[in-house]
Amino acid sequence: MIPLKVLIIEDDLIEAADMQESLESEGRFVTTIASNTQEVKRALKRQIPDLVLVDIRLEGSTHNGIEIVEEVLNAYSLPIVYLTSSTEKPYMEAARKTQPAAFMFKPFRSNELAIQLELAYLNRGIQPDSYAAESLFLPTDQGRSHIRIMKKDVVYMSASGSYVEVHLRKGASTEKIVFSMNLGHLDQYFPDNQFYRVSRSLMVNLDFVERVERNRLFVTSTSTPILFPESKHRDLLRKLAVVKTP
């Protein structure tokens, strides 16, 4: 048994309490029960869970569960399990784009919930070789085909909603590949000694950083500065070989 920390996103407090009781009786720990985007953000600042259990339809929230998950994955690489009573095609297609670890359908069986979450957690990972590999195949044409890229050619990656832009070095300029995925999911394929997550929507290849200022940086093959949070400035410098003044 793995003592998983689980964040529950559910608007029905009775169902959420049942899930919490079921999970904690099996040795899991529920970090928070949240029902909207702001509650989820506060919960993640307090404690990062091992897994997120999400109801797709949230009646009391301005965002549904899928939209909240998209925001979560832009900042964190976490396995997602959707819990839903709906099999409507638009919802399911949107949910699949976030690449969840599993789907569970209501009504759930209390004795199966903890087991299914543990299986989803164990099966969430990427193949070890994918992290170390020098190249990757990225989805194009709405997932109907894949294109090979070399990791060393990635200058930076930026996120907008559920889409990622991968900027590749091509001679003296860059080429952009856009596809539907969350940066929080994609970043696990890139080694953190070479790629740095400057913000939840930006990841840069440190080998291409040419100049760093308080809240912006310049990279190879583009003259346009890339803005980043000033709070990340010091941490970014730690990742670079900076000569300190005596």
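Numbering-wise, UniProt numbering puts 5 at position 5 of the sequence shown, and it's gapless, one number per residue.
The beta carbon of each residue, even a glycine, is placed where N, CA and C say it ideally should be.
| Asked | Found |
| --- | --- |
| Is it the case that the CB of Ile66 approaches a heavy atom of the ligand GTP more closely than 6 Å? | This structure lacks the ligand GTP; in fact it carries no ligand of any kind. |
| To the nearest angstrom, how far is the alpha carbon of Ala17 from that of Gly161? | 31 Å |
| Between Phe103 and the rest of its own chain, which residues show a CB-CB distance below 6 Å, the 5 nearest in sequence each way excluded? | Tyr82 |
| Any idea which residues DSSP pairs Phe29 with across the strands? | Lys5 |
| What three-state label does DSSP hand Asn64 in the structure shown? | coil |
| Ordered along the chain, which non-local residues of its own chain (more than five positions away) have a Cβ less than 6 Å from that of Pro128? | Only weak support is given to the placement of Pro128: the predicted model assigns it a pLDDT of 49, under 50, and the value that follows is read from those uncertain coordinates. Answer for Pro128: no residue qualifies. |
| Mapping the DSSP letters down to three states, classify Ile14 as helix, strand or coil. | helix |
| Express the C-alpha separation of Arg216 and Ile226 in angstroms, rounding to a whole number. | 5 Å |
| I'd like to confirm the pairing. Which residues does DSSP put opposite Phe228 in its beta bridges? | According to DSSP, which records beta bridges pairwise, Phe228 is partnered with nothing at all. |
| Does DSSP put Pro128 in a helix, a strand or coil? | Because the pLDDT at Pro128 is just 49, under 50, the model does not fix this residue reliably, and the point stays unresolved. |
| Alpha carbon to alpha carbon, how far is Asn36 from Leu202? Give it in angstroms, no decimals. | 25 Å |
| Between the C-alpha atoms of Lys97 and Met181, what's the straight-line distance to the nearest angstrom? | 7 Å |
| Determine the extent of the alpha helix (DSSP H) in which residue 253 is found, giving its start and end residues. | Residue 253 lies beyond the residue range present for the chain, which begins at 1 and ends at 246; the question has no answer from this structure. |
| Alpha carbon to alpha carbon, what distance is there between Glu213 and Ala241? | 15 Å |
| Is DSSP giving Tyr156 helix, strand or coil here? | strand |
| Please state if the CB of Thr32 and the CB of Leu51 are separated by a distance shorter than 7 Å. | no |
| If we call anything under 7 Å between Cβ atoms a contact, is Pro3 one with Gly27? | yes |
| So, with DSSP's three-state summary, where would you put Ile56? | coil |
| What runs of the beta strand (DSSP E), each 3 residues or longer, lie entirely inside the stretch 156-209? | 163-170, 173-180, 195-199, 202-205 |
| For the candidate residues Val54, Gln47, Glu21, Gln20, whose alpha-carbon lies nearest to that of Glu10? | Val54 |
| For the stretch 171-178 against the stretch 220-235, do three or more pairs of beta-carbon atoms, one drawn from each stretch, fall closer than 8 Å, so that the two count as touching? | yes |
| With a CB to CB cut of under 8 Å and the five nearest residues on each side skipped, what residues in its chain are close to Val165? | Note that residue 165 is Glu in the sequence shown here, rather than Val. Around Glu165: Met157, Ser158, Ala159, Lys176, Ile177, Val178. |
| Is the separation between the beta-carbon of Leu206 and that of Tyr196 shorter than 7 Å? | yes |
| Which residue marks the beginning of the alpha helix (DSSP H) containing Ser135, and which one marks its end? | Counting along the chain, Ser135 falls outside any alpha helix (DSSP H), though it belongs to the beta strand (DSSP E) covering 135-140. |
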